[in-house]
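Participant: Numbering of the sequence shown is given in the working numbering, commencing with residue 57 and proceeding in unit increments.
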Amino acid sequence: MTDRDTDLPGPNDPYEVEPGRVLVQVRAGAAHPVALEAAIHLAQALHSELEGLLFEDQQLLDLASFPFAREISFSGRHSRALSRDDLERDTHLALAAVRRRMEALARQARVPHRLRVVREEPLAALSQACSACAAWNVLALAEPFDPSIAARVHALITQLHTITGLLLVGPRSRRAPGPVVVALEEAERLPIMLRAAQQLHAAQGERIIIYIIAEGEEQIGHIEGQVRLTVGRQANISITSGLTTRGDVRVLAEDLRRLKSGFIIAEYGGILVPGGSDLRHLAAALECPMLIMR
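1. Rounded to whole angstroms, what is the Cα-Cα separation between glutamate 271 and alanine 309?
2. Taking a contact to mean a Cβ-Cβ separation below 8 Å, would you say alanine 95 touches valine 82 in this structure?
3. Kindly indicate the opening and closing residues of the beta strand (DSSP E) around arginine 166.
4. Between the C-alpha atoms of glutamine 100 and valine 283, what's the straight-line distance to the nearest angstrom?
5. Pick helix, strand or coil for glutamine 275, following the three-state DSSP scheme.
6. Tyrosine 267 and valine 287 - do their beta-carbons sit closer together than 8 Å?
7. So isoleucine 219 and asparagine 193 are in contact, right, with Cβ under 8 Å, and what is the actual spacing, rounded?
8. With DSSP as the reference, label alanine 191 as helix, strand or coil.
9. Would you kindly work out how many angstroms separate the C-alpha atoms of alanine 252 and glutamate 273, rounded to a whole number?
10. Could you tell me the boundaries of the alpha helix (DSSP H) in which leucine 204 lies?
11. Would you tell me roughly how many angstroms separate the C-alpha atoms of methionine 249 and proline 345, rounded to the nearest one?
12. Taking its Cβ as the centre, do 16 or more other Cβ atoms sit within 10 Å of aspartate 142, making it buried, or is it exposed?
13. Output yes or no for whether 8 Å exceeds the beta carbon distance between leucine 335 and valine 209.
14. Secondary structure at glutamine 81, three-state DSSP: helix, strand or coil?
15. Specify the secondary structure class of glycine 234 as computed by DSSP and reduced to three states.
Encoded structure:
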């Protein structure tokens with residue numbers, strides 16, 4: 057068997073041999089540079105194409121047409137009439153700048169890509185894009201992940217049933233060398249999550265850390281035993297664990313900072329990334345890109 061053969065996905069892997077896509081959602085030109093770089097890097101690692109959906113906020117543009125529409129400063133002390141023409145021009149300039157940056161990154165990484173401006177309602181447009189022709193889809197949010205968009209993150213994961221994962225970066229995220237950390241809470245999820253980590257490892261050459269998360273020592277020991285049976289003695293993989301009480305992820309957040317991870321892979325609906333909209337501790341701790349898997 058060749059080295060290339062060992063890189064192929066297994067039969068139950070969401071990242072099948074058939075081509076998939078990394079979709080990048082850009083809203084009103086708001087794009088964190090690390091988010092764009094991480095999306096390109098992920099597409100490169102997974103040998104996929106990249107599609108950028110650059111959304112115009114049509115509702116905001118329509119509201120700007122009303123004579124009573126005002127733009128208010130953050131301090132609340134100043135306001136001025138809101139011009140639809142000015143807002144539309146600013147939006148086009150912002151989206152054009154993001155488009156140029158994405159095209160440059162994709163060409164440099166030799167990632168097949170296409171970018172388009174979208175004026176439809178975001179969830180409907182994303183659903184349509186995800187259902188079109190790709191074997192799998194990862195959705196990357198270009199804007200930084202913070203508590204203000206946590207509810208939208210929950211809606212994307214629960215309502216877009218055709219996405220395999222969601223890529224996020226926090227407002228403090230930076231692109232720096234570091235291990236690929238698999239935040240593992242269920243042993244049966246290891247093959248899929250480890251597969252994604254190995255793809256990222258092959259692309260950037262960093263080691264893999266399997267970070268076991270559980271609420272008791274016995275559970276940690278059980279998961280660790282299954283992990284060791286799966287990974288054997290691979291030199292590039294290490295195992296550590298974090299013990300926490302459900303609902304309190306502050307200890308885990310500190311562990312993630314201590315590990316100085318370059319990329320995190322986690323599952324949705326567990327301890328680290330709980331279901332629902334209360335993700336403030338995660339947003340505060342996220343210092344590198346995170347791929348949340350369904």
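Ideal placement from N, C-alpha and C gives every residue a C-beta, glycine not left out.
Bear in mind that the values here come from a model prediction, so they are computed numbers and not experimental data.
Facilitator: Quick answer:
1. Position 215 of the sequence shown, counted from the first residue, corresponds to residue 271. Position 253 of the sequence shown, counted from the first residue, corresponds to residue 309. Their backbone Cα atoms lie some 15 Å apart in a straight line.
2. One-based indexing of the sequence shown puts residue 95 at position 39. One-based indexing of the sequence shown puts residue 82 at position 26. In this structure, valine 82 does not lie closer than 8 Å to alanine 95 by Cβ.
3. Position 110 of the sequence shown, counted from the first residue, corresponds to residue 166. Taken as a continuous stretch (DSSP letters only), arginine 166 belongs to no beta strand (DSSP E), as it is neither H nor E.
4. For the purposes of this step, residue 100 is identified with residue 44 of the sequence shown, where counting begins at 1. For the purposes of this step, residue 283 is identified with residue 227 of the sequence shown, where counting begins at 1. Distance between the alpha carbons of glutamine 100 and valine 283: 27 Å.
5. Taking the sequence shown and counting its residues from 1, one reaches residue 275 at position 219. Looking at glutamine 275 - three-state DSSP - the assignment turns out to be helix.
6. Within the sequence shown, numbered from 1, the residue matching residue 287 stands at position 231. Within the sequence shown, numbered from 1, the residue matching residue 267 stands at position 211. No, Cβ-Cβ distance for valine 287 and tyrosine 267 is not below 8 Å.
7. What you label residue 219 is simply residue 163 of the sequence shown in a count that begins at 1. What you label residue 193 is simply residue 137 of the sequence shown in a count that begins at 1. Confirmed, Cβ separation roughly 5 Å.
8. Along the sequence shown, read from residue 1 onward, the residue named residue 191 stands at position 135. Coil.
9. In the sequence shown, the residue the question calls residue 252 occupies position 196. In the sequence shown, the residue the question calls residue 273 occupies position 217. Between alanine 252 and glutamate 273, the C-alpha separation is close to 27 Å.
10. Taking the first residue of the sequence shown as position 1, residue 204 is located at position 148. Here the sequence assigns serine to residue 204, which means leucine is not the residue at that position. Here serine 204 belongs to no alpha helix (DSSP H), and DSSP marks it neither H nor E.
11. The residue you call residue 249 lines up with position 193 of the sequence shown. The residue you call residue 345 lines up with position 289 of the sequence shown. Cα-Cα distance, rounded: 15 Å.
12. Translated into positions along the sequence shown, residue 142 becomes position 86. Exposed is the call here.
13. For the purposes of this step, residue 335 is taken as the residue at position 279 of the sequence shown. For the purposes of this step, residue 209 is taken as the residue at position 153 of the sequence shown. Between leucine 335 and valine 209, the C-beta spacing is below 8 Å.
14. Position 25 of the sequence shown, counted from the start, is the residue given in the question as residue 81. DSSP, reduced to helix, strand and coil, places glutamine 81 within a strand of the structure shown.
15. If you number the sequence shown from 1, residue 234 lands on position 178. In the structure shown, the three-state DSSP call for glycine 234 is coil.
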